[in-house]
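Enquirer: Sharing a structure with you now.
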Ligand SMILES: Cc1cc2nc3c(=O)[nH]c(=O)nc-3n(C[C@H](O)[C@H](O)[C@H](O)COP(=O)(O)OP(=O)(O)OC[C@H]3O[C@@H](n4cnc5c(N)ncnc54)[C@H](O)[C@@H]3O)c2cc1C
Ligand SMILES: Cc1cc2nc3c(=O)[nH]c(=O)nc-3n(C[C@H](O)[C@H](O)[C@H](O)COP(=O)(O)OP(=O)(O)OC[C@H]3O[C@@H](n4cnc5c(N)ncnc54)[C@H](O)[C@@H]3O)c2cc1C
Ligand code: SF4
Ligand code: SF4
Ligand code: FES
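Protein chains in written order, with our numbering: chain A, 18 to 295; chain B, -5 to 457.
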């Protein structure tokens, strides 16, 4: 059993969980993910590693309540446990000394960007992080990101904090002041990652994204996670989840994410009428 | 006298009814049927049937026990050679193996060896006390990667030889294809788990959620005190056709479709949280066991029309005869000498139709089968909303890529000595689908047993 040793509510529907998983913690690297199953009847849910502590043997994940399974995980308390917790999965981020790096995290995407920014900074890069959210109260992990970066730029849709606008406006702010950016990491909702890539493609700034397609096994066995990158089909769980964002077929990726929508809504409706138990 | 009694048919659930449920199709012999069927066996001095079984089950011996109504004794005899009899009795292609060699088959019908094997194993599960003898520990440790039939058979034999065995399995349950691939209605998962429970009673330790190549590696296992490693990771990488439209919503690999249904129990959605969606008109590409399982599962999930699409003819279909017949009885259609060239989607990117080409049979190819030749200009459209791709699987590279010094063939399978199953890396053995490419349960088990014997010899030589 994989026990939750710490729970922190980061925003109204976003929770941070630190989970005991020593074998995973010993190997986890930035950019990788785990797959969890809460109990016998649960789905296998992929979640990015937000932090790892090799000494304590723990992995920290951040999860947003978007549907049936994520809602149940959101309700987990300290001391409760996951039945299954497998990882680290996927290819780790290529950490090198690039020069100046912008790390963009949109909404929940700030969590997976966190260990990447930290490792890039440790590798000697100048790390400017651009954090975006709908409003100030939904912005997560600001302190952690400040510690992991040389500078942070915040953009909120409603202007309640930092620049008013989207993360692309935050990025524009950095570029417009003359910063020479060597490479960008952008993680967040598909639509945000696509917008960043559309913006950086004409500028010729390499942009790495982390894709989150529907997954089942996470080991390359089912092909549920296939995405098209540079006109080639890739399995995001083993070939990714990070890819060159300029080569990703975004239309296809977004379309595939909607495939189980009806079933998801049914499950969620059931959860709401049963009040969180199954 | 014995010859006159006809072979006993397997009682089955009614085809119309079973096409809508996930209960087991074949119901198993009754006691009386089993005894009568066992009495048909001639107890040959030189039993040819055994030469057809990859693990050389002591066939006449166990059948004799059945005919004497000593069913527990029969199960004991089976287990001398086969640690998973309840599974093999259900899924072995007996008609090409043991039963194809049975002497009674020359003039009439062979003894129903597989059905008797199933009967004896099921009887033991119900009535046996499940005790196992403890053996003297050897002090040696062996790591097994993959809990499919190859890994499990290897683990069982090594444990019986006194070695401490740990199985590392990537998924959250052990069993490999037996759990995630072969459907409940053909092989109930409770039976697989019970057989695995028997291995655990022998002292085999099974660690799930361990993806070797990620959380640990073959080299690390060797450094951490394992004296030998067996790799039985199977052929789990699904192939796609490489035709336009294969990433549209509604196109599944058979692995995904079956994993959602079997492993995750998607057929009980929403009680179980993993959804599996099937449309009204389903096309299954391929005609092996995997394709039949996909087609029959689609029917059970509520599809109205399910067809197998295959570019050769009925005769060349690689599926077991019984599976193809069962599928047909349940209402699966066969569109033979047909192959898809493109899948088309609607404005939302969901599958709506498929363009196919008609084929005819030409000259025999390297495999001896007449090769299919496309008829030019024969394109036609069929309406479909779900496509299940079941054209084969290859080796998953997670373990092989993370193991330096392991020789692979050009398809990515591990090269292992056919006699000892030793790989190019000292102390590392491999068997099952990862070596042979997708094959059968019993061949994988046979390889696991062979490897166990040579690992045992290797460990003794190291003393
Ligand atoms: C590699 C990877 C890393 C991820 N990391 C995180 C993370 O760190 N934190 C986090 O909260 N979520 C993360 N996700 C997404 C998370 O897995 C999904 O939110 C979750 O599976 C949804 O399950 P559900 O039953 O709650 O929602 P559902 O009812 O299944 O879906 C609700 C909504 O979420 C969308 N959705 C469904 N499955 C996924 C999916 N696999 N990825 C993205 N959206 C999905 C649906 O389109 C729908 O709009 C990650 C996904 C992947 C593939
Ligand atoms: C749908 C379907 C139907 C079939 N029907 C029949 C039939 O009727 N009769 C028959 O004889 N055969 C049938 N087969 C074939 C048969 O199931 C296989 O040949 C057999 O299971 C191979 O056994 P294996 O142990 O080599 O591999 P598998 O059964 O594939 O087991 C491999 C195991 O290794 C695990 N693994 C993989 N990578 C890793 C890793 N990196 N770390 C840890 N673990 C890992 C996998 O999760 C899996 O559990 C069928 C196959 C399928 C897919
Ligand atoms: S294991 Fe398979 S091949 Fe061998 S006797 Fe049993 S059914 Fe026949
Ligand atoms: S060959 Fe047939 S009849 Fe002879 S022992 Fe084997 S099963 Fe019995
Ligand atoms: S999640 Fe199954 S192959 Fe990637």
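Using N, Cα and C, we set each Cβ at its ideal position, and we do this for glycine too.
For residue 81 of chain A, verify whether its CB is less than 7 Å away from any heavy atom of ligand 1.
Expert: Yes, ligand 1 has a heavy atom inside 7 Å of this Cβ.
Enquirer: Chain A beta carbons: is any one of them nearer than 8 Å to that of residue 152 of chain B?
Expert: Taking Cβ atoms only, chain A never reaches closer than 8 Å to residue 152 of chain B, which makes this a no.
Enquirer: Tell me which same chain residues have a C-beta within less than 8 Å of the C-beta of residue 293 of chain A, skipping the five on either side of it?
Expert: Any answer about residue 293 of chain A is weak, because its pLDDT of 46 lies below 50 and its placement is not dependable; what the coordinates show is given next. Same-chain partners within the cutoff: 88, 89 and 92.
Enquirer: Short of 9 Å Cβ to Cβ, which residues in the segment 320 to 353 of chain B face chain A?
Expert: Cβ contacts with chain A come from 339, 342, 343 and 344.
Enquirer: Determine the chain B residues that contact residue 245 of chain A at a beta-carbon separation under 8 Å, and present them in chain order.
Expert: Chain B residues near residue 245 of chain A: 241.
Enquirer: Answer yes or no: does any C-beta atom of chain B fall closer than 8 Å to that of residue 239 of chain A?
Expert: Yes, contact with chain B.
Enquirer: Could you list the residues in the segment 429 to 449 of chain B with a C-beta less than 8 Å from some C-beta on chain A, going in chain order?
Expert: Residues: none.
Enquirer: Quick one: is residue 59 of chain A near chain B, going by C-beta distance under 8 Å?
Expert: Residue 59 of chain A counts as touching chain B.
Enquirer: What does residue 247 of chain B touch in chain A if you count any residue whose Cβ is under 7 Å from its own?
Expert: By Cβ distance, chain A contributes 239 and 240.
Enquirer: In the DSSP assignment, find the unbroken alpha helix (DSSP H) run with residue 54 of chain A in it and report its ends.
Expert: Looking at the DSSP string, residue 54 of chain A is not in any alpha helix (DSSP H); the run it does join, the beta strand (DSSP E), is 50 to 54.
Enquirer: Pull every residue with its beta-carbon under 6 Å away from any heavy atom of ligand 5, and keep them in chain order.
Expert: Those residues, listed in chain order, are A:232, A:233, A:234, A:235, A:237, A:238, A:239, A:240, A:241, A:242, A:252 and A:254.
Enquirer: For residue 267 of chain A, which beta-bridge partners are listed by DSSP?
Expert: DSSP lists no partner for residue 267 of chain A.
Enquirer: Any heavy atom of ligand 3 closer than 7 Å to the CB of residue 108 of chain B?
Expert: The answer is yes for residue 108 of chain B.
Enquirer: I want to check one thing, is the minimum distance from the CB of residue 49 of chain A to the heavy atoms of ligand 3 below 7 Å?
Expert: Checking the Cβ of residue 49 of chain A against ligand 3 gives no.
Enquirer: Using 8 Å as the Cβ pair cut-off and three pairs as the minimum, do the segment 165 to 178 of chain A and the segment 219 to 227 of chain A touch?
Expert: Taking 8 Å as the limit for Cβ pairs, the verdict is that the segment 219 to 227 of chain A does not touch the segment 165 to 178 of chain A.
Enquirer: How about residue 226 of chain B and residue 442 of chain B: are their beta carbons less than 8 Å apart?
Expert: Yes. Within cutoff.
Enquirer: Excluding five sequence neighbours on each side, which residues of the same chain lie with their C-beta closer than 6 Å to the C-beta of residue 253 of chain B?
Expert: Around residue 253 of chain B: 174.
Enquirer: Go ahead and pull the three-state DSSP assignment for residue 121 of chain B.
Expert: In this structure, residue 121 of chain B counts as helix in the three-state DSSP scheme.
Enquirer: Less than 8 Å between the beta carbons of residue 241 of chain B and residue 243 of chain A, yes or no?
Expert: Yes, they are a contact pair.
Enquirer: Spatial neighbours of residue 1 of chain B within its chain, please: C-beta separation below 6 Å, excluding the five flanking residues on both sides.
Expert: Cβ neighbours of residue 1 of chain B beyond the five flanking positions: 103 and 106.
Enquirer: Taking its Cβ as the centre, do 16 or more other Cβ atoms sit within 10 Å of residue 374 of chain B, making it buried, or is it exposed?
Expert: Counting Cβ neighbours within 10 Å, residue 374 of chain B comes out exposed, since fewer than 16 surround it.
Enquirer: So, helix, strand or coil for residue 260 of chain A, using DSSP?
Expert: In the structure shown, residue 260 of chain A sits in a strand (DSSP, three-state: E or B).
Enquirer: Determine whether the Cβ of residue 20 of chain A lies closer than 8 Å to any Cβ atom of chain B.
Expert: Output row for residue 20 of chain A: interface = no.
Enquirer: When you compare the CB of residue 97 of chain A with every CB in chain B, is at least one pair closer than 8 Å?
Expert: Not one chain B Cβ lies under 8 Å of residue 97 of chain A.
Enquirer: Please name the residue in A:269, A:237, A:232 and A:139 whose C-alpha comes closest to that of residue 247 of chain A.
Expert: If we check each option's Cα against that of residue 247 of chain A, A:269 comes out closest.
Enquirer: Any heavy atom of ligand 2 closer than 7 Å to the beta-carbon of residue 101 of chain A?
Expert: Not so, every heavy atom of ligand 2 lies at least 7 Å from the Cβ.
Enquirer: Compute the Euclidean distance between the alpha carbons of residue 201 of chain B and residue 434 of chain B, then round it to the nearest angstrom.
Expert: Roughly 24 Å separates the two Cα atoms.
Enquirer: What are the boundary residues of the beta strand (DSSP E) that residue 26 of chain A is part of?
Expert: Segment 19 to 28, the beta strand (DSSP E) holding residue 26 of chain A.
Enquirer: Can you tell me the Cα-Cα spacing of residue 17 of chain B and residue 8 of chain B, whole angstroms?
Expert: Between residue 17 of chain B and residue 8 of chain B, the C-alpha separation is close to 11 Å.
Enquirer: Any heavy atom of ligand 1 closer than 7 Å to the CB of residue 150 of chain A?
Expert: No, the beta carbon of residue 150 of chain A sits no closer than 7 Å to any heavy atom of ligand 1.
Enquirer: Can you give me the C-alpha to C-alpha distance between residue 42 of chain B and residue 64 of chain B, rounded to a whole angstrom?
Expert: Going from the Cα of residue 42 of chain B to the Cα of residue 64 of chain B covers about 23 Å.
Enquirer: Mind pulling the chain A residues with CB within less than 9 Å of residue 234 of chain B?
Expert: Result: 240, 243 and 250.
Enquirer: Taking the alpha carbon of residue 78 of chain A as the point to measure from, which residue in A:245, A:103 and A:207 has its own alpha carbon closest?
Expert: For residue 78 of chain A, the nearest C-alpha among the options comes from A:103.
Enquirer: Please confirm whether any heavy atom of ligand 2 lies closer than 7 Å to the CB of residue 129 of chain B.
Expert: Flag unset: Cβ of residue 129 of chain B not near ligand 2.
Enquirer: Expressed to the nearest angstrom, what Euclidean distance is found between the alpha-carbon atoms of residue 286 of chain B and residue 212 of chain B?
Expert: In a straight line, the C-alpha of residue 286 of chain B is about 36 Å away from that of residue 212 of chain B.
Enquirer: Would you tell me roughly how many angstroms separate the C-alpha atoms of residue 368 of chain B and residue 233 of chain A, rounded to the nearest one?
Expert: Going by the C-alpha atoms only, they are around 36 Å apart.
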